[in-house]
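Accompanying notes for the structure given below.
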Amino acid sequence: MLPRWVSPGATTYEPAGSSLIRLARRFARFLKPYTLRALALGAFVMLAPALSSASIWMSGLLIDDVLAPQRLDLLPTYCAAFFGLTMLSASFSFTYQYLASWLGEHVTLDVQRAVYEHLLSVSPERLGGERLGDVLIRLSSDAGAVDDLLVGPAISAVVGVCALTYYAASLLLMSPSLAAAVLVVVPRSTS
Numbered sequence: 004m005l006p007r008w009v010s011p012g013a014t015t016y017e018p019a020g021s022s023l024i025r026l027a028r029r030f031a032r033f034l035k036p037y038t039l040r041a042l043a044l045g046a047f048v049m050l051a052p053a054l055s056s057a058s059i060w061m062s063g064l065l066i067d068d069v070l071a072p073q074r075l076d077l078l079p080t081y082c083a084a085f086f087g088l089t090m091l092s093a094s095f096s097f098t099y100q101y102l103a104s105w106l107g108e109h110v111t112l113d114v115q116r117a118v119y120e121h122l123l124s125v126s127p128e129r130l131g132g133e134r135l136g137d138v139l140i141r142l143s144s145d146a147g148a149v150d151d152l153l154v155g156p157a158i159s160a161v162v163g164v165c166a167l168t169y170y171a172a173s174l175l176l177m178s179p180s181l182a183a184a185v186l187v188v189v190p191r192s193t194s
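Okay, here's the thing in structure tokens:
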């Protein structure tokens, strides 16, 4: 059975329950076979901003412990640690972007396969006079749009929230008075 928005008697072409949460729930069954990879992606997405925040923390330590007291004998150690942290952060970012792309492509392929199987089981009269080739092209582009809608924004939102949390925690740990000043100035400048 086709969704209501494809049915010949439908008066609207908008999917029923078009909210993002309902859409995500509807496509969650396609994510189920990839649960372990999705969990790994979640871990990498949450840890990548933490490593980026740690590099900012290292910059503060470099200034406070090495440059301000002029202890240049510690500079090679800090540079090596900063380089290692940067490489680790880059590898985490690459890994989560790779996993997100892989997962998005496989989920999109599974969605397309399910839709094509369903479409082949439907009689041509149910297509509302559309040619099968036109319907298949439309479904291919729609499956790609679902991937763009569900995978990219969800990962960007998680990365943004994690980065904001880690940066705020770093700021509080580095200088509580500076953090208080930022919290006072930032809300006024955004309004």
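Residue numbers (the working numbering): 4 to 194. From the three backbone atoms N, C-alpha and C, an ideal C-beta is built for every residue, glycine too. Please read these numbers as outputs of a predicted model, since none were measured by experiment.
*Can you tell me the Cα-Cα spacing of S22 and A148, whole angstroms?*
Indexing the sequence shown from 1 puts residue 22 at position 19. Indexing the sequence shown from 1 puts residue 148 at position 145. Taking the straight line from one Cα to the other gives about 15 angstroms.
*First through last residue of the alpha helix (DSSP H) which encompasses A41*: Walking along the sequence shown from the start, residue 41 turns up at place 38. Annotation for A41: the continuous alpha helix (DSSP H) segment containing it runs T38 to L64.
*Indicate whether the contact test is met: 3 or more Cβ pairs, each with one atom in the stretch 96-107 and one in the stretch 36-53, closer than 8 angstroms.*
Contact between the stretch 96-107 and the stretch 36-53 is present: three or more C-beta pairs spanning the two stretches fall below 8 angstroms.
_Run of the alpha helix (DSSP H) containing S94, from where it starts to where it stops_ = Translated into positions along the sequence shown, residue 94 becomes position 91. Its alpha helix (DSSP H) spans residues L78 to S124.
*Looking only at C-alpha atoms, which of A93, L26, I66 and S144 sits nearest to L50?*
Position 47 of the sequence shown, counting from 1, holds the residue named residue 50. Minimum Cα distance to L50 is reached at A93.
*Please say whether F86 and M61 have beta carbons closer to each other than 7 angstroms?*
Your numbering for residue 61 matches position 58 in the sequence shown. Your numbering for residue 86 matches position 83 in the sequence shown. In this structure, F86 does not lie closer than 7 angstroms to M61 by Cβ.
*If we count the other Cβ atoms within 10 Å of its Cβ and call it buried at 16 or more, is G163 buried or exposed?*
Stepping through the sequence shown from its first residue, residue 163 is reached at position 160. By the 10 Å Cβ count, G163 comes out exposed.
*Unbroken stretches of the alpha helix (DSSP H), 4 residues or longer, contained in the stretch 142-194*: Contiguous alpha helix (DSSP H) elements confined to the stretch 142-194 occur at 179-193, taking only those with 4 or more residues.
*Name the residue from V110, A172 and S178 whose alpha carbon lies nearest to the alpha carbon of A146.*
Within the sequence shown, numbered from 1, the residue matching residue 146 stands at position 143. Across the set V110, A172 and S178, the C-alpha of V110 shows the shortest separation from the C-alpha of A146.
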